[in-house]
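Participant: The sequence shown begins at 1 in the UniProt record's numbering and counts up one residue at a time. Cβ coordinates follow ideal geometry from the N, Cα and C atoms, glycine included. Structure incoming, see below.
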Amino acid sequence: MSSIALDPLLYHCAKAKHRFHHRPRFNMLKPCSFTYCPNKLLCHGRKTFVHYNSYRLPTFKATTTNAPTFQSTDVLFKETFPLKRNEKLEGRISVKLAQGKDHNKWELTVGCNLAGKWILHWGVSLIDDSGSEWDQPPKEMIPPGSITIKDYAIETPLKKSSSSSSGDVVHEVKIDLAPDKTIAAINFVLKDEETGIWYQHKGRDFKVPLLDYCGEDGNIVGAKKGLGLWPGRSGALGQLSNLLVKTETNSKDQGSSSESGDTKEDKKSLEGFYEELPIVKEVAVDNSISVSVKKCPETTKYLLYLESDLPGDVVVHWGACRDDTRKWEIPAAPHPPETTVFKNKALRTLLQPKEGGKGCSGVFTIEEDFGGFLFVLKQNENSWLNYKGDDFYIPLSSSGNLPDQQRKSKLKDSGASKKSGEESEGVSVTAYTDGIIKEIRNLVTDISSQKTKKKKTKEAQENILQEIEKLAAEAYSIFRSSAPTFTEEIIEMPKPVEPPVRISSGTGSGFEILCQGFNWESHKSGRWYMELKEKAAELSSLGFTVLWLPPPTESVSPEGYMPKDLYNLNSRYGNIDELKDVVKTFHDVGIKVLGDAVLNHRCAHFKNQNGIWNIFGGRLNWDDRAVVSDDPHFQGRGNKSSGDNFHAAPNIDHSQDFVRNDIKEWLCWLRKEIGYDGWRLDFVRGFWGGYVKDYLDASEPYFAVGEYWDSLSYTYGEMDHNQDAHRQRIVDWINATNGTAGAFDVTTKGILHSALDRCEYWRLSDEKGKPPGVVGWWPSRAVTFIENHDTGSTQGHWRFPGGKEMQGYAYLLTHPGTPSVFYDHIFSHYKSEIAALISLRKRNKVNCRSVVSIVNFSKKFERKIKEIDYLNFIFLTLSPSSGCFFFLFHIYWIDNNNSNSKGKDLKTEYILFPFSV
């Protein structure tokens, strides 16, 4: 029989209150609406200072002299809830270059002081191989136990060592370096095999230069300040930054040779260095929180004791509810110490540290007329803990004084008896459901009336939306639990006449669903085409119709976006035969394949007489006339650019006839040789859309989409509601292509960021009541997305709000336009929910030209529905409380007399798809 003494709890809280007086206060909060998600609860809004009033701890006279205890017979509820969270561990990656025991050799040591199964994925850059950043090192450099990755990299496991100066246990690997003038640098990334995460330096590979060879770059390790560039040596190798070599003799004349191999270098001597770089690793941590409930016999109030082993400051965001609807209310004072009111909706209390400093606890009092205690936990500004995606709920009333499993069983039994009673009494189910519908309609009317009020509009609307959602959930529960008592009659309905499918390069069939088949790290396996081939059948079964493959050409950057020889299709993703194989495999399962064509820029093979890299080799051996003249970095002799310059490589002058003819011939060759069905066009801001029309007319793709990405409009850091100027620029580019290509709807992505991250759903309608992105102006040419290899993955240039991904896909997959789904989201815990949304889209034949109506549900809207002979549409609501619910309405007429008379009955089928996101 376990027991908990009551007096020690009160004494502990009183003592903790005195000690907490000297602790820093939790005085920065974000008051705003909050959204519950499976993994966390996000709060958004402007930071405001909140004044914390101290409340006196209530005194409970449980006994006269002896301290009462929580005997098992007195405890109304006691349960321990598991808490799963991610904790960030800060560590360091150390890189050391020093002379070995043999003074003719050097030793590179790479280490990490965080626990894990660490792998060094590394290679070298060779001076003479300017077309590749990575190559395999000489055999004598490879440490024992290493594994060869294709022909360009080595993987070496790090071993435990205590050789660090601080005595900490670190994982490290040592690589012996012999003097070799052909090796310009060592490249590496660190991989944790336990989590599968890659660690880079400033979003790129770590690079340790060994020769004074290259230009400026931001990923150099061990760079020394004040060292200049080696004359005539900046260019296509990757442009490394400051150098680690020291001149022993003056450099000789470099000459004007165009090939890098013709230039001789003076002898250099390496300089040793030691550098530490920060690293942050997320690890899964298990904690728990225990809750005990007792009722004070004298005050008749409930006493709740919360105890957790969570470290640091833990804030309880809490309230009480009166019934199973679990509507949050603020209980009357007294409240625990250091309690503040949050937007008149909930209370926030900082738990007091336990004796010994391990964990925290708190005592709460609730009036007896409340039926439940609701709470979530907050560790810091962006870290919330809840129970399986919902609030923690502690039953207080007699109907809820049962453990979780028993409570579910009791509810089930009561539901069965209720149903039996209703049948015996002849209560109409229709009357009950009509009552729910009436309540929803009244609440929606309340929303409309609240719009005329200036004060508390947002809070009132959020409360009403929560009530609507709860009623919908109740209706869904009835629908799922009740069995039909009638015989189903099959009624054949006349199918509407569907227009013939129109195929165009800007839309495909109009029913396309695009899958981006890679991320920023996909090239590192060296066999991505073959890995993707194994997923072809699965992607087809999920409902995807188009696959976007990464750039196929030889490239200075391993990701493929710095192309060199366009006809060389041996890339880091695989060779040309593997590319043909994966394309054929996807064709066999009914999926079209897009090639990623980088037409804006191209890396040169040779330098001109001025030492500038602007002379090209390979089959398309252009000279500097193919380079635009207004980019000073590459001194082209072509015409001025027709768009924005990309300064990392020579920008191609598409106004030249020989350039356009060569590109058209290359695209047609890819269509015939590889079997590509269309194109994803990279950085189309760099050249006029009219040239794109020329290329698409020649290559005749099934589908084409361009990446026109620039910044949205902001005022003082806040996104403007009106983004017409931004989407107009995208529409102008599409118009320049004469509609032969679509474009990624960057406007919609940006608006969804603010709308979902901050619960600002008013952003989802423009001033004319249409969707606010490109999808609202030219939906058939809008390719909608929430993430790609640039915005997400390991680059994270513009990452979608965490935990809101499924709300984003709910919007994309129920709206017109062509939706694009990111590879990382498909093969994650979102897979089943994405599949359900794709199925929903396909069943209802939503396409790129579907019509969107943003309306308030009212009697007027109901009358409008009855004027339509046939309608099949999706009604989507995004809620700020627990995610989003999807309502699918099949509304159609049943003509009992088989005539055109007005004597028709309206039959409506309601299907509810709940997603806790």
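Given a cut-off of 8 angstroms, decide if Phe-744 and Glu-707 are closer than it, judged by their beta-carbon atoms.
Facilitator: A contact, by the Cβ cut-off of 8 angstroms.
Participant: Give me the Cα-Cα distance between Trp-688 and Ser-161, rounded to the nearest whole angstrom.
Facilitator: Going from the Cα of Trp-688 to the Cα of Ser-161 covers about 57 angstroms.
Participant: In its own chain, which residues sit with a C-beta less than 7 angstroms from the C-beta of Cys-112, not counting the 5 before and 5 after it?
Facilitator: Result list for Cys-112: Gly-91, Ile-93, Trp-118, Leu-158, Val-170, His-171, Leu-190 and Ile-279, in chain order.
Participant: Distance check for Gly-742 and Val-705, CA to CA, integer angstroms please.
Facilitator: Roughly 5 angstroms separates the two Cα atoms.
Participant: Give the C-beta separation of Arg-326 and Leu-396 to the nearest angstrom, bearing in mind that I take them to be a contact with Cβ-Cβ under 8 angstroms.
Facilitator: Arg-326 to Leu-396, Cβ: 12 angstroms. No contact.
Participant: Would you identify the three-state DSSP class for His-317, choosing helix, strand or coil?
Facilitator: The answer is strand: DSSP assigns His-317 an E or B state.
Participant: For His-523, which residues in the same chain have their Cβ closer than 8 angstroms to its Cβ, ignoring the five residues on either side in sequence?
Facilitator: Pro-550, Pro-558, Glu-559, Gly-560, Ser-571, Arg-572 and Tyr-573, listed in sequence order.
Participant: Counting only the same chain and skipping the five closest in sequence on each side, list residues whose C-beta sits under 7 angstroms from that of Ser-711.
Facilitator: Within the same chain, Ser-711 has no close Cβ partners at all.
Participant: Given Val-598, which residues of its chain have a CB within under 7 angstroms of its CB, disregarding the five upstream and five downstream residues?
Facilitator: Correct list, in chain order: Pro-551, Tyr-561, Pro-563 and Asp-682.
Participant: Classify Tyr-274 as helix, strand or coil using the three-state DSSP reduction.
Facilitator: Strand, per DSSP.
Participant: When you compare only the Cα positions, how much space is there between His-654 and Ala-698?
Facilitator: Computed Cα separation, rounded: 15 angstroms.
Participant: If I follow the unbroken alpha helix (DSSP H) through Ile-826, where does it start and stop?
Facilitator: Counting along the chain, the alpha helix (DSSP H) containing Ile-826 begins and ends at 823-826.
Participant: Does the Cβ-Cβ distance between Gly-686 and Asp-644 come in under 8 angstroms?
Facilitator: Yes, Cβ-Cβ distance for Gly-686 and Asp-644 is below 8 angstroms.
Participant: Can you tell me which of Phe-658, Leu-310, Gly-773 and Glu-531 puts its alpha carbon nearest to the alpha carbon of Glu-578?
Facilitator: The option with the nearest alpha carbon to Glu-578 is Glu-531.
Participant: I'd like to know whether the C-beta atoms of Phe-822 and Gln-516 end up nearer to each other than 8 angstroms.
Facilitator: Yes, they are a contact pair.
Participant: Going by beta-carbon coordinates alone, are Leu-539 and Ile-591 separated by less than 8 angstroms?
Facilitator: A contact, by the Cβ cut-off of 8 angstroms.
Participant: Can you grab the Cα-Cα spacing for the pair Val-301 / Ile-366, in whole Å?
Facilitator: In the sequence as displayed, the identity of residue 301 is Lys instead of Val. Spanning the two alpha carbons is a distance of roughly 6 angstroms.
Participant: Using C-beta distances below 7 angstroms, list every residue in its chain close to Ile-663, excluding the 5 sequence neighbours before and after it, in chain order.
Facilitator: Cβ neighbours of Ile-663 beyond the five flanking positions: Leu-599 and Tyr-695.
Participant: Could you tell me which whole beta strand (DSSP E) segments of length 3 or greater appear in the stretch 530-558?
Facilitator: DSSP runs (the beta strand (DSSP E)) wholly in the stretch 530-558: 546-548.
Participant: Excluding five sequence neighbours on each side, which residues of the same chain lie with their C-beta closer than 6 angstroms to the C-beta of His-797?
Facilitator: Around His-797: Asp-790 and Thr-791.
Participant: Compute the distance between the beta-carbons of Leu-542 and Thr-553, then report whether it is under 8 angstroms.
Facilitator: Cβ atoms of Leu-542 and Thr-553: not closer than 8 angstroms.
Participant: In terms of residues, what are the limits of the beta strand (DSSP E) holding Phe-364?
Facilitator: Unbroken beta strand (DSSP E) run through Phe-364: 360-366.
Participant: CB-CB under 8 angstroms to Ile-330, same chain, minus the five flanking residues each way: which ones, in chain order?
Facilitator: Gly-319, Ala-320, Val-341, Asn-344, Lys-345, Ala-346 and Leu-347.
Participant: Tell me whether the beta-carbon of Thr-818 lies closer than 8 angstroms to the beta-carbon of Val-783.
Facilitator: Yes, they are a contact pair.
Participant: Under a three-way DSSP split, which group does Thr-747 fall into?
Facilitator: Thr-747 falls in the helix class under three-state DSSP.
Participant: With a cut-off of 8 angstroms on the beta carbons, I'd call Leu-83 and Asn-287 a contact; round off their distance for me.
Facilitator: Right, the Cβ-Cβ distance comes to about 4 angstroms (below 8 angstroms), so this counts as a contact.
Participant: Within the stretch 709-772, note down every full beta strand (DSSP E) run reaching 3 residues or more, in order along the chain.
Facilitator: Whole beta strand (DSSP E) segments, 3+ residues: 742-744.
Participant: For Asp-176, which three-state DSSP category applies?
Facilitator: Strand.
Participant: Give every residue of the same chain whose Cβ lies closer than 6 angstroms to the Cβ of Asn-66, excluding the five residues on either side of it in the sequence, and list them in chain order.
Facilitator: Legend: pLDDT at Asn-66 = 35, less than 50; position of this residue unreliable, no value from coordinates given.
Participant: Going by alpha carbons, who is nearest to His-601 out of Val-589, His-633, Gln-379 and Gly-611?
Facilitator: That would be His-633, whose Cα lies nearest to the Cα of His-601.
Participant: Report the three-state DSSP secondary structure of Thr-59 (helix, strand or coil).
Facilitator: Confidence in Thr-59 is poor, its pLDDT being 35 and thus under 50, which makes the residue's placement too unreliable to answer from.
Participant: Determine the contact status of Trp-122 and Ile-186, defining contact as a CB-CB distance below 8 angstroms.
Facilitator: Yes, these two residues count as a Cβ contact at 8 angstroms.
Participant: If you measure between the beta carbons of residue 922 and Val-314, is that distance less than 8 angstroms?
Facilitator: Because the chain is modelled from 1 through 917, residue 922 falls outside the range shown and cannot be assessed.
Participant: Considering only the beta carbon of each residue, do Ile-149 and Gly-739 sit closer than 8 angstroms?
Facilitator: Cβ distance not < 8 angstroms, so Ile-149 and Gly-739 don't count as in contact.
Participant: CA-CA distance, Pro-353 and Leu-306?
Facilitator: Going from the Cα of Pro-353 to the Cα of Leu-306 covers about 12 angstroms.
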